[in-house]
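**Student:** Got a structure here, written out as structure tokens. Questions coming.
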């Protein structure tokens with residue numbers, strides 16, 4: 001660390017105090033999967049359900065982050081890793097405020113996801129693998145990206161000219177070929193709610 005950097009984490013309210021205030025446990029729910037797999041749609045539906053249950057969440061999405069804090073990064077392997085590193089650091093800051101982060105990023109390699117997990121912490125990193133087959137994603141192609149990638153107009157495109165490595169042991173695996181996405185989210189909630197539920201007895 002630079003000798004001229006002095007952190008102030010010891011001078012601000014700690015995570016536990018903020019979790020008590022919000023009556024929830026801060027966690028990072030990290031959606032990974034191919035472009036067009038349904039990550040952002042599922043993340044948005046999950047946020048809606050959690051909000052109705054009085055949980056305070058924040059979504060971080062690939063396009064939004066790339067248009068702001070990471071707009072200086074391109075899609076080389078090095079920049080994609082840096083993209084994930086920054087996202088993980090931002091997520092950790094939110095999480096330490098007791099907020100539930102819902103992150104939707106392709107994050108295609110185990111190296112990238114391991115970096116995010118290391119920064120956030122293993123017990124706070126809830127990995128959700130949206131396991132939608134490439135052919136289904138390509139049929140959907142909501143942004144026309146696969147078509148451009150097939151023509152060679154987009155380089156290093158995950159699933160076409162760049163690999164996607166399936167997670168080894170995700171917290172949840174979602175089959176997003178099911179048309180009933182609301183039911184999919186309800187099934188996800190069964191596993192997520194015990195992880196974020198506030199238990200005042202545990203802090204005594």
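In full-length UniProt numbering, the protein residues as written are 1 to 204.
The beta-carbon is built from N, C-alpha and C at its ideal position, and this holds for glycine as well.
Does residue 176 pass the burial test, meaning 16 or more other C-beta atoms within 10 Å, or should it be called exposed?
**Tutor:** Residue 176 should be labelled buried.
**Student:** Compare the C-alpha of residue 80 against each of 112, 180 and 53 and name the closest.
**Tutor:** Answer by Cα proximity: 112.
**Student:** Residue 97 and residue 26: beta carbons closer than 8 Å?
**Tutor:** In this structure, residue 26 lies closer than 8 Å to residue 97 by Cβ.
**Student:** Mind reading off the beta-carbon distance from residue 87 to residue 60? Whole number of angstroms is fine, and I expect it under 8 Å.
**Tutor:** 6 Å
**Student:** Can you tell me the Cα-Cα spacing of residue 37 and residue 137, whole angstroms?
**Tutor:** Spanning the two alpha carbons is a distance of roughly 5 Å.
**Student:** Pull up the distance between the alpha-carbon of residue 30 and that of residue 174, whole angstroms please.
**Tutor:** 12 Å
**Student:** Just reading off the alpha helix (DSSP H) that residue 99 is part of, what are its end residues?
**Tutor:** No residue range can be given for residue 99, since it is assigned to no alpha helix (DSSP H) and is classified by DSSP as neither H nor E.
**Student:** Quick test of your reading: residue 84 and residue 34, contact by CB under 8 Å. State the CB separation rounded to the nearest angstrom.
**Tutor:** 16 Å between Cβ atoms; not a contact.
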